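For reference, the structure is listed below as structure tokens.
Below, the structure written as structure tokens:
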């Protein structure tokens with residue numbers, strides 16, 4: 003019985019050493035990197051793919067002027083935080099704006115706001131746009147709240163607080179959390 007305990011103890015004691023030796027032998031073979039890449043390639047086919055994204059890309063390949071497919075692709079790129087490609091899609095769609103119907107224009111506006119809210123530069127542009135609008139319409143409470151939202155999103159809490167105070171001066175019943 004003691005021999006079994008001794009053998010098991012020695013085996014467990016040497017186990018990490020065996021793993022190290024096996025790993026060194028496998029990695030030194032030139033086929034290992036190729037096998038690793040091949041395995042990753044095969045596994046990539048089994049990973050879940052975004053069906054809307056794939057369908058939009060196929061539709062665009064069939065017809066480059068398919069506006070609905072470009073809108074779906076833009077939405078999926080924004081959701082995937084792929085800002086560079088999303089910006090290219092936005093530019094394409096803005097250049098195609100005369101061809102858009104009202105529903106497509108509304109989708110483009112929503113996607114543009116979503117894109118702008120997701121990037122620092124976009125938030126800065128939204129702040130500039132709201133400031134310009136509020137210079138012409140200083141009594142628009144919702145505009146001041148939107149301005150405060152984007153200012154807080156960029157981390158400028160003092161400016162956001164001033165914007166909220168301006169909205170409160172327009173609507174005294176408006177309340178907000180000090181720790182927004």
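Numbering (the working numbering), first residue to last: 3 to 182. Think of the CB as a built atom: it goes at the ideal place given N, C-alpha and C, for glycine as much as any other residue. Treat the numbers as computed from the prediction; the structure is a model and nothing was measured.
8 Å Cβ shell around residue 173 - same chain, five flanking residues per side excluded: For residue 173, where only same-chain residues beyond five positions count, the Cβ hits under 8 Å are 143.
Under the three-state DSSP convention, the category residue 114 falls into: Residue 114 falls in the helix class under three-state DSSP.
Backbone secondary structure at residue 81 - three-state DSSP: Residue 81: helix per DSSP, three-state reduction.
Test item: CB-CB of residue 128 and residue 73 under 8 Å: With contacts defined by Cβ atoms closer than 8 Å, residue 128 and residue 73 do not form a contacting pair.
Residue 98 in three-state terms, based on DSSP: Residue state, collapsed to three classes: coil.
DSSP three-state assignment for residue 142, whether helix, strand or coil: Coil, per DSSP.
Span separating the alpha-carbon of residue 99 from that of residue 108: Answer to the nearest angstrom: the Cα atoms are 11 Å apart.
CB contact flag (residue 69, residue 112, <8 Å): Going by C-beta atoms, residue 69 is not nearer than 8 Å to residue 112.
Beta-carbon proximity list for residue 122, same chain, < 8 Å, skipping 5 on both sides: Exclusion of the five residues before and after residue 122 leaves 156 as the residues of its chain whose Cβ lies within less than 8 Å of its Cβ.
Contact set for residue 149: own chain, Cβ-Cβ below 6 Å, skip 5 residues either direction: Same-chain partners within the cutoff: 132 and 165.
Residue 177 versus residue 147: straight-line alpha-carbon distance, rounded: Going by the C-alpha atoms only, they are around 11 Å apart.
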